[in-house]
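Have a look at the structure below, then the notes.
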Amino acid sequence: MSQPFDLNQFPDLPPEVMKAFAAQSAALEAARFEAAVERAARLHEQAVVAEKDAFITELKALIEKLEGQVGQYRHAKFGPKSEKLDPAQLELALEDLEAAIAETQEQIAAVEAKIAASETDPEKKAPRKKRKARALPEHLPRVERVIEPDSIVCPCGCGDMVRIGEDRVDRLDYIPARYQVIVTIRPKYACPKGRAGVVQAKAPAHLLEGSWPTEALLAQIAVSKHSEHMPLNRQAVVMARHGVPIDRSVLADWMGRTGALIAPVVDHMALVLKQGSTRLYVDETTAPVLDPGRGKTKTGYLWAVLRDDRGWGGTAPPGVVFHYRPGRKGEYAAEILDGFNGTIQVDAYGAYTHLATRKRTGGDPLRLAFCWAHGRRKLIKAKPKKGSPIVDEALVRIAALYKVEDSIRGSAPDHRRAVRQDLSRPLVDQFFAWLAAQAARISRKSDLGAALAYMLRRQDGFRLFLEDGHVDMDSNLVENAIRSPAMNRRNALFAGHDEGG
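Throughout the sequence shown, residue numbering follows this note's numbering, covering 186 to 686 in sequence.
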């Protein structure tokens, strides 16, 4: 490499020449520096690419490993009968698969962290914020355990040390549930001289007379079954593990008798919802039921009727009642909603249509408010794999409506209606005009064409929320409510008969 040219060796050079040489020298140095920077950047980029390639290879290996484990599970569960695992072995296979999935997820998270670190400039990397420790709930009882030193005698000989402070550490504890036997004793008293009859306290009333379970145990079994999605056979296993062996058929008998006894309470709840509300959410979900004599199951339905007025600041307590019916026909909807007058928020299923006509029995014609979330879901489902600008645009327009809803959630009905008339109505008008223009360009036989037609044909129901501040844009609340039966359906498989619904 050539050495820099020293102009001090030529002191007699004119100043103009000196300046020219100096400028040229500075330009050369700048060019060298720029070339060095570019070379370093290329080397860094090559190193990052190589590191990412290594990470991608590692990820592919992890994915391949996980797919192999899933394949093994599928073969064990769905393979030829002679090659299927027995239940105990299948449980072990599932445990191994769950452990492998957890391990693989940890490895993928580590790789993703490496990639994120490689893309971050160390000099610009923000310091990691420390998480604030969350306090345990205040309502939980506190049990203090003080651990004193073995000795507090001061080694200097002055006597006992004095307490100057303490360290406190909170830990969450659990007291396992336990079973106990309530022995009710009713002493009998009589006159020692035989001059009077016998005196004894009346026996307390019980929900299930002549049976073992207390009301607390019955409530626990019911909550475990319906809210925690634990079928009775699993509860029987848990009870046996606690030393209380009770057959699941006995538990089923208890639940059946309990359900029959509290049915009037459920009926009253349904009546309160219908008579004390002007707007209800309604939805239905399948409930497989054993079909006696056919050796297979049939499809029943759980119809959910829900009230939740918190969206418009209502003070009535939220509540939901499930009605079992053997089908999904409109006659069942009419029967369940008999006596209710007002608006129902539904998913545009055809069984509700006749309830909005003068032919309806059991009340005045209902107003049907359709669910925008269902309409949006149909658009997403109809989106081709290669993408669709129409679907993307529709989702953006619907998101703008939800943004308005976020700003008025919990407000009074009049305020909600006023804001919707001012902000949401123009958006809805523009949306349906745009939707009609797009539908004219697309075949109605296509999935996307059908999704567009679904919303266009039901404009009145989709627009209803604009006119009534009590109405929400969607029926997501009742959809959330029917998730519990869906979980029970997965865990318990089916009900034994229609009465079990």
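Backbone N, C-alpha and C define an ideal beta-carbon position, used for all residues, glycine too.
Quick caveat: nothing in here was measured; it's all calculated off a predicted structure.
- The shortest CA-to-CA distance from T484 to any of A221, V490, P334, R510 is the one to R510.
- Beta-bridge pairing by DSSP links F218 to no other residue.
- Selection I431, A211, V576, H539 evaluated against S396 yields I431 as nearest (Cα-Cα).
- Excluding its 5 nearest sequence neighbours in each direction, K563 has C-beta neighbours in its own chain below 6 Å: A636, Y639, listed in chain order.
- Beta bridge pairing from DSSP links K373 with Q385.
- 8 Å or more divides the Cβ of H539 from the Cβ of G512.
- DSSP, reduced to helix, strand and coil, places E323 outside both helices and strands of the structure shown, so it counts as coil.
- Cβ contact annotation for D438 (same chain, cutoff 7 Å, sequence separation greater than five): none.
- Taking every protein chain shown into account, the CB of G350 has fewer than 16 other CB atoms within 10 angstroms, so this residue is exposed.
- Residue A666 holds the alpha-carbon nearest to the alpha-carbon of L491 among R543, E223, A666.
- Here T528 is buried: its Cβ has 16 or more other Cβ atoms, across all protein chains shown, within 10 Å.
- At a cut-off of 4 residues, the continuous stretches assigned as alpha helix (DSSP H) that sit fully inside the region 517 to 605 are 557 to 567, 574 to 593, 598 to 604.
- Residue range 504 to 510 is occupied by the beta strand (DSSP E) that includes F507.
- With a threshold of 16 other beta carbon atoms within 10 Å, R602 meets it and is buried.
- Closest by C-alpha distance to T500, out of S596, L662, H391, L608, is S596.
- Under the three-state reduction of DSSP output, V467 falls in the strand class.
- Using a Cβ-Cβ distance cut-off of 8 Å, the region 642 to 662 and the region 548 to 560 are in contact, since at least three pairs of beta carbons, one from each stretch, lie closer than that value.
- The Cβ atoms of L651 and R594 do not sit closer than 8 Å to each other.
- Here DSSP, grouped into helix, strand and coil, assigns A501 to coil.
- Between the beta-carbon of L417 and that of T443 there is about 12 Å, and that puts the pair past the 8 Å contact cut.
- Three or more beta-carbon pairs separated by less than 8 Å link the region 517 to 532 to the region 453 to 460, which places the two stretches in contact.
- Contact annotation, L436 with Q420: C-beta distance approximately 6 Å; criterion of less than 8 Å satisfied.
- W488 carries a strand assignment under DSSP once its states are collapsed to helix, strand and coil.
- Spatial neighbours of E400 in its own chain (CB-CB distance under 6 Å, excluding positions within 5 residues in sequence) are listed in chain order as L392.
- DSSP, read as helix, strand or coil, puts V613 in helix.
- Relative to R371, the option among A386, A362, R629 whose CA is nearest is A386.
- Judged by their CB atoms, R629 and A533 are not nearer to each other than the 8 Å cut-off.
- With a threshold of 16 other beta carbon atoms within 10 Å, R464 meets it and is buried.
- Residue nearest to D657 within the set V531, A390, P574, I332 is V531 (criterion: CA-CA distance).
- Collapsing the DSSP output to three states places D432 in coil.
- Boundaries of the alpha helix (DSSP H) harbouring S409: 400 to 411, taken from the DSSP string.
- With a contact defined as Cβ atoms closer than 8 Å, V604 and V589 qualify at about 7 Å.
- Residue pairing from DSSP places V338 in a beta bridge opposite D345.
- In the three-state scheme derived from DSSP, where H, G and I count as helix and E and B as strand, L651 is classed as helix.
- Following the DSSP letters along the chain, one finds V663 inside the alpha helix (DSSP H) bounded by residues 661 to 666.
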